[in-house]
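*Asks:* All residue numbers for the sequence shown refer to the working numbering, where the first residue is 19 and numbers rise by one.
Every residue gets a Cβ at the ideal spot worked out from N, C-alpha and C, and that includes glycine.
In this text the structure is predicted, and so the values were computed from the model without any measurement.
Here it is, the structure in full.
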Amino acid sequence: MERDELYEIVDALLNKATDADVEVIIEALKRRGNGAGRGTFRGVDPGKLAKESAKALSSQMSYSVDGIRKMIQKFAVDVIRKEAPELSEEQISQLLEAWVPDPGKGPEKASLPPDVLLTMIKQFLAYSTGAMSATEQMELEHQIPDWQRKYWEKMPSGIRSEISLFLKGKIDADTCWERIYSDLELD
19 MERDELYEIV
29 DALLNKATDA
39 DVEVIIEALK
49 RRGNGAGRGT
59 FRGVDPGKLA
69 KESAKALSSQ
79 MSYSVDGIRK
89 MIQKFAVDVI
99 RKEAPELSEE
109 QISQLLEAWV
119 PDPGKGPEKA
129 SLPPDVLLTM
139 IKQFLAYSTG
149 AMSATEQMEL
159 EHQIPDWQRK
169 YWEKMPSGIR
179 SEISLFLKGK
189 IDADTCWERI
199 YSDLELD
């Protein structure tokens with residue numbers, strides 16, 4: 019398969035495929051993973067190709083994000099030094115960390131607003147219960163690699179407990195949502 023063909027296929031999947039198209043593709047890949055249609059096509063193992071492509075794309079995206087972050091940091095430092103030359107290096111570092119935080123340095127110091135947490139919880143539960151569309155799953159994974167783990171880590175421990183109880187069948191959905199809204203102090 020030519021590289022241009024591969025890019026056309028990826029473009030079609032990411033930008034043109036409907037939810038129904040993506041569902042069909044996911045089902046075909048599941049069947050493939052379960053042993054149906056083993057083998058290669060014209061000497062190419064589609065499963066292996068998909069995994070390798072996803073890995074390469076993921077590494078390119080993380081490199082790009084890191085490069086963009088460094089570029090923004092450099093720009094911010096230049097602006098700070100130009101506009102506020104009286105600031106010390108320590109003060110510049112503090113401003114830089116507040117404006118362009120390093121995602122690898124751990125959790126944010128301030129908690130997230132309740133409406134943001136609520137959206138994250140809804141997406142997490144939709145994914146966990148199989149109610150999330152394949153397109154939304156792909157978009158989230160594209161925007162926030164490993165989003166499920168990152169969302170979980172951002173949620174307060176009380177909410178994580180409620181979600182765990184719900185997913186284990188210990189409480190029903192209504193009870194779970196009542197407790198989550200109460201924890202978030204939402205009406």
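Answer yes or no: do Phe184 and Leu143 have a C-beta to C-beta separation smaller than 9 Å?
*Replies:* Position 166 of the sequence shown, counted from the start, is the residue given in the question as residue 184. Position 125 of the sequence shown, counted from the start, is the residue given in the question as residue 143. In contact: Phe184 and Leu143 (Cβ atoms closer than 9 Å).
*Asks:* Taking Cβ to Cβ, would you say Met156 is nearer than 9 Å to Leu32?
*Replies:* Along the sequence shown, read from residue 1 onward, the residue named residue 156 stands at position 138. Along the sequence shown, read from residue 1 onward, the residue named residue 32 stands at position 14. Going by C-beta atoms, Met156 is nearer than 9 Å to Leu32.
*Asks:* Please classify Gly124: does DSSP put it in a helix, a strand, or coil?
*Replies:* Working through the sequence shown from its first residue, we reach residue 124 at position 106. Residue placement at Gly124 is poorly supported in this model, since its pLDDT is 45, which falls under 50; the coordinates are not used for a value here.
*Asks:* Measure the Cβ-Cβ separation of Ile162 and Asp201 and say whether it is below 9 Å.
*Replies:* As a working note, residue 162 is residue 144 in the sequence shown. As a working note, residue 201 is residue 183 in the sequence shown. No.
*Asks:* Give me the residue from Tyr199, Lys34, Ala35 with the minimum Cα distance to Leu136.
*Replies:* Indexing the sequence shown from 1 puts residue 136 at position 118. Per the Cα distances, Tyr199.
*Asks:* State the Cα-Cα distance for the pair Glu203 and Pro131, rounded to the nearest angstrom.
*Replies:* Counted from its first residue, the sequence shown places residue 203 at position 185. Counted from its first residue, the sequence shown places residue 131 at position 113. Each residue's Cα considered, the two are about 11 Å apart.
*Asks:* Using a C-beta cutoff of 9 Å, does Leu130 count as contacting chain B?
*Replies:* The structure shown contains no chain B, having only a single protein chain.
*Asks:* Determine the DSSP secondary structure at Lys172, reduced to helix, strand or coil.
*Replies:* Here the question's residue 172 lines up with position 154 in the sequence shown. In the structure shown, Lys172 sits in a helix (DSSP, three-state: H, G or I).
*Asks:* From Gln91 to Leu105, what does the alpha carbon distance come to, in whole angstroms?
*Replies:* Taking the first residue of the sequence shown as 1, we reach residue 91 at position 73. Taking the first residue of the sequence shown as 1, we reach residue 105 at position 87. Spanning the two alpha carbons is a distance of roughly 16 Å.
*Asks:* Going straight from the alpha carbon of Ala232 to that of Lys168, what length do you get?
*Replies:* In the structure as shown, the chain begins at 19 and stops at 205. Residue 232 is therefore absent and cannot be evaluated.
*Asks:* Buried or exposed: Glu180, going by 16 or more other Cβ atoms within 10 Å of its Cβ?
*Replies:* Taking the sequence shown and counting its residues from 1, one reaches residue 180 at position 162. Glu180 is buried by the Cβ-count criterion.
*Asks:* In terms of alpha-carbon separation, which member of Met138, Thr147, Pro174 lies closest to Trp158?
*Replies:* Here residue 158 refers to the residue found at position 140 of the sequence shown. It should be noted that the sequence gives Leu, not Trp, for residue 158. The shortest C-alpha separation from Leu158 is found at Met138.
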